[in-house]
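Residue numbers (this note's numbering): 4 to 261. Glycine included, C-beta positions come from ideal geometry on N, C-alpha and C. From a predicted model like this one, the values you see are computed outputs, not experimental measurements. Structure record follows, encoded as structure tokens.
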């Protein structure tokens, strides 16, 4: 293949001085470029101006990032609250539709943190917010610290499901992960399989049942300094291989019907 396949990353939005901006954290695009060995391309969160299927025709995989914002509760049947803010309605409108179409197409999909939660919502699951206030739950928020290495340091173990997709990628049944979230899966979507859980039972990784290719999500952040984390490298390498396989299939000449 003479080119690096394209991976789309839907953007967050924020307002400043009366203008709306679209953005993606460097750690995500860097992980796609340096760990998955693909070309990252931002997808603006402007569903009113995008034709999703025409857009996806140009991509070989999609990575849905984490974010400061939470998924708006009405998308999973709950009442919005100021305690659950901030929200990003433009992102919700774009990513929820995008994930649905990516799965239907059988494209490689990697969902991280907020993206992991969006995947569960798209597939019919629900979320719970402010985990640190719920009896029996760990505080899954990052420590308050100026040093990002401290905020993103491994903070708890996960138990990996025997025989699952994650065990096959990592080759083990337990590892340490970082934890930087307030929201988690409450009711697992019927189309998802649990791949790993935290000590308090919070779901930390899922795969899409009967997926045609790599369709996987993590609640933690494997993109952070991915090149220096063997687990992260295995995840992004598997995603990159799936993206390249999809690109080869997409570019192969169609068989002529006799």
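When the options are compared against residue i, the one with the closest alpha-carbon
| i | options | result |
| --- | --- | --- |
| residue 132 | 84, 252, 94 and 68 | 84 |
| residue 216 | 241, 159 and 226 | 241 |
| residue 137 | 25, 185, 47 and 206 | 185 |
| residue 46 | 97, 141, 72 and 188 | 97 |
| residue 23 | 49, 113, 245 and 230 | 49 |
| residue 31 | 51, 65 and 60 | 65 |
| residue 73 | 170, 38, 125 and 187 | 187 |
| residue 78 | 171, 199 and 128 | 128 |
| residue 228 | 56, 100, 175 and 35 | 35 |
| residue 39 | 112, 239, 111 and 151 | 239 |
| residue 262 | 58, 115, 200 and 130 | Since the displayed the chain opens at 4 and closes at 261, residue 262 lies outside it and no answer follows. |
| residue 234 | 253, 177 and 203 | 177 |
| residue 43 | 153, 61, 150 and 190 | 61 |
Integer Cβ distance of residue i from residue j, believed to fall under 8 Å
| i | j | result |
| --- | --- | --- |
| residue 102 | residue 121 | 6 Å |
| residue 197 | residue 164 | 6 Å |
| residue 94 | residue 56 | That belief does not hold up - the Cβ atoms of residue 94 and residue 56 are roughly 19 Å apart, past 8 Å. |
| residue 202 | residue 141 | 7 Å |
Unbroken beta strand (DSSP E) run spanning residue i, endpoints
| i | result |
| --- | --- |
| residue 198 | 195-200 |
| residue 67 | 64-67 |
| residue 10 | 9-13 |
| residue 130 | 129-132 |
| residue 23 | 22-26 |
Span of the alpha helix (DSSP H), counted from its first residue to its last, around residue i
| i | result |
| --- | --- |
| residue 227 | Premise fails: residue 227 is in no alpha helix (DSSP H) and is neither H nor E. |
| residue 122 | 117-125 |
**OP:** Check whether the region 211-228 touches the region 17-24, taking contact to mean three or more Cβ pairs, one atom from each stretch, closer than 8 Å.
**Re:** Flag = no, the region 211-228 and the region 17-24 do not touch.
Subject >> Inside the region 154-222 only - beta strand (DSSP E) runs reaching at least 3 residues >> reply: Runs of the beta strand (DSSP E) lying entirely within the region 154-222 and spanning at least 3 residues, in chain order: 159-163, 177-180, 186-190, 195-200, 206-211 and 218-221.
Subject >> Inside the region 36-112 only - alpha helix (DSSP H) runs reaching at least 4 residues >> reply: Contiguous alpha helix (DSSP H) elements confined to the region 36-112 occur at 55-59 and 92-108, taking only those with 4 or more residues.
Original post:
Is there contact between the region 221-240 and the region 177-196, where contact requires at least three CB pairs shorter than 8 Å?
Top reply: With three or more CB-CB distances shorter than 8 Å, the region 221-240 counts as touching the region 177-196.
Subject >> Inter-stretch contact at 8 Å, needing at least 3 Cβ pairs: the region 153-170 / the region 79-93 >> reply: Note that the region 153-170 does not touch the region 79-93; fewer than 3 beta-carbon pairs, one per stretch, sit closer than 8 Å.
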